[in-house]
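Under the working numbering, read the sequence shown as residues 100 to 497, first letter to last.
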Amino acid sequence: MSSPGSLLRTVLIGVAAFCAVESALAVALVRGPYLGRPSDSSVAVIWNTDTAADSRVDYAAPDGVWRTATSPEVGTRHVVAITGLPSGAEINYRVLSAGVQLAPESSFRAPRDGTETRFRFAVIGDTAEGGSVLTDIADRLVESGADFAVHTGDVVYPTGAQQNYDKTFFLPLARWLLHGPVLPALGNHDVMTGRGSAYLSNFVVPPNGVTQSSRFYAIRQANALFVCLDVESSSYGADSPQYDWLVRTLSASTATWKFVYFHEPPYSSGHPNHLVRLILCPLFEHFGVDIVFSGHVHLYERTWPIRDFVPSGRGVVYITEGGGGSPLSDFHQEDYTAFVAARFGYTEVQIDGGTLDLTAHDPSGAVFDSLVLDKPQPAPSAGVRIHKGHVRRHMGRR
Ligand SMILES: [Fe+2]
100 MSSPGSLLRT VLIGVAAFCA VESALAVALV RGPYLGRPSD SSVAVIWNTD TAADSRVDYA
160 APDGVWRTAT SPEVGTRHVV AITGLPSGAE INYRVLSAGV QLAPESSFRA PRDGTETRFR
220 FAVIGDTAEG GSVLTDIADR LVESGADFAV HTGDVVYPTG AQQNYDKTFF LPLARWLLHG
280 PVLPALGNHD VMTGRGSAYL SNFVVPPNGV TQSSRFYAIR QANALFVCLD VESSSYGADS
340 PQYDWLVRTL SASTATWKFV YFHEPPYSSG HPNHLVRLIL CPLFEHFGVD IVFSGHVHLY
400 ERTWPIRDFV PSGRGVVYIT EGGGGSPLSD FHQEDYTAFV AARFGYTEVQ IDGGTLDLTA
460 HDPSGAVFDS LVLDKPQPAP SAGVRIHKGH VRRHMGRR
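Now the structure itself:
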């Protein structure tokens, strides 16, 4: 027979266990999980809960061994960085707070180191209003097997406010966000509230070593360099920190492929930004940038290679990918334009050593433009083969 003391102890333990369960069950997921890239070689798993709790990610590489990463902070926003992943491996993961698994197990592709020469990425832009177009694009991105998606800006309309992020970005893109990070650029609408405070707090991208917030940043993936610029809320003139950083970043890169992305297109049949064209495009040409991606104009456009401000056999190709779901824009085709279409959609780029295969897709996955660039490695300049206007059905995860 139990003594009164031991009985009380048993009851207290029982109550404590019950309270713990109740407390655990009270933690609910309110955003995510989604992914970030704090550095070239690490991944951040991010989620929000309705009440403060701890943060834990269980993850497994192809060796099948489950490991655990945690964050020491207790709160409602959870950011857990994972490092030391095998290059390019598919990583299974699940997120937990207060001991409760908050979402079904999912998977992402680990960052690829400089020894790799084959990968795929996607480009989306002007997702601003969300909706069914963006939901369809999310499904296509999952099917594509892209490592990540670059975003050309205007993530959320009308003013980039935090209160609109779930409805118009995180929910419609949720299927994709479980599998790959979005590496965004600031759009003119994104900086209208708190100079982009919601954008800066929601996304995890690398620091630039120059400014406190990552309004501009660069990331290396396999044999490619990705440079994100801010032409909306940061100076980019020749005497600005961003310009100096851009020169240093491009000149130091030994990557086979160099991509730059930012919001307002320097070449566009809709609304070109002539200041960006005059100030930054000579740098892109000088340092052998292959493709510049922008958004802002709600359509898809590809220029001929441009050098010294005119179409040329060799030079920089400018792609506008602004078909993320906002009302489509009017345009008047410019002479430097190879292909333009007021279409919703997204762009995919497959890198295979010295060959780049770009395809522009509508939300169903159908291809309506394509471009192939070949470059003998390690020569920096590109010979260009262009195929356009053909349609092929894009199917299945690769
Ligand atoms: Fe815009």
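From the three backbone atoms N, C-alpha and C, an ideal C-beta is built for every residue, glycine too.
- Following the DSSP letters along the chain, one finds E172 inside the beta strand (DSSP E) bounded by residues 165-181.
- Y316 carries a strand assignment under DSSP once its states are collapsed to helix, strand and coil.
- Annotation for Y360: the continuous beta strand (DSSP E) segment containing it runs 356-360.
- Around the beta carbon of D329, 16 or more other beta carbons lie within 10 angstroms, which makes this residue buried.
- Taken through DSSP and simplified to helix, strand or coil, W344 comes out as helix.
- Each of P137, V466, F467, T454 was checked against the Cα of R217, and the nearest Cα belongs to T454.
- According to DSSP, residue pairing for A459 in a beta bridge involves T446, D468.
- Taken in chain order, the complete alpha helix (DSSP H) segments of 4 or more residues contained in the stretch 268-345 are 273-276, 296-301.
- By the Cβ neighbour-count rule, S425 is buried, with 16 or more other Cβ atoms within 10 Å of its own.
- Annotation for V232: G424, F443, P462 place their beta carbon closer than 6 Å to its own, counting only its chain and skipping 5 residues before and after.
- For H395, the shortest separation between its Cβ and any heavy atom of ligand 1 lies below 7 Å.
- With a cutoff of 8 Å on beta-carbon distance, S332 and G295 are scored as near each other.
- Minimum Cα-Cα distance from F408 among the listed residues G286, V346, V375 corresponds to V375.
- By alpha-carbon distance to Y399, the top candidate from D389, T436, Q311, G244 is T436.
- With 16 or more neighbouring CB atoms inside 10 Å of its own CB, V448 falls in the buried class.
- Relative to ligand 1, the nearest heavy atom lies less than 7 Å away from the CB of H288.
- By the Cβ-count criterion, Q320 is buried, with 16 or more other Cβ atoms from all chains shown falling within 10 Å of its own Cβ.
- In the structure shown, the three-state DSSP call for A440 is strand.
- Taking all protein chains shown into account, T251 has 16 or more neighbouring C-beta atoms within 10 Å of its C-beta and is therefore buried.
- Using a C-beta cut-off of 8 Å, the stretch 225-241 makes no contact with the stretch 344-361, since fewer than three inter-stretch Cβ pairs fall below that distance.
- Bounds of the beta strand (DSSP E) holding E420 are 416-420.
- With a cutoff of 8 Å on beta-carbon distance, G279 and F207 are scored as near each other.
- Counting only the Cα atoms, C380 lies some 13 Å from S367.
- For a cut-off of 8 Å, the C-beta gap from N322 to E215 is around 7 Å, short enough to register as a contact.
- For Y264 against A297, the beta-carbon gap comes to about 6 Å, under 8 Å, which counts as contact.
- Bridge partners of W146 according to DSSP: H177.
- Boundaries of the alpha helix (DSSP H) harbouring T234: 231-243, taken from the DSSP string.
- Note on D246: 16 or more other CB atoms within 10 angstroms of its CB, so buried under the neighbour-count rule.
- Residues of the same chain with a CB within less than 7 Å of the CB of R130, apart from the 5 flanking positions on each side, are W146, N147, D265, F269 in chain order.
- Rounded to whole angstroms, L349 and V359 show a C-alpha spacing of 10 Å.
- The beta carbon of L427 sits closer than 8 Å to the beta carbons of H397, L398, A441, R442, F443 from its chain, once the five residues preceding and following it are set aside; these are given in chain order.
- Per the DSSP secondary-structure output, A152 pairs in a beta bridge with G174.
- Within the same chain, and ignoring the five residues on either side of E204 in sequence, the residues whose Cβ sits closer than 8 Å to its Cβ are N191, Y192, R193.
- Of the residues assessed, E172 falls on the exposed side of the cut-off, its CB having fewer than 16 other CB atoms within 10 angstroms.
- One alpha carbon belongs to S411, the other to G336, and they sit about 26 Å apart.
- Only residues of its own chain outside the window of five on either side were considered, and among them E363, P365 have a CB closer than 6 Å to the CB of N372, listed in chain order.
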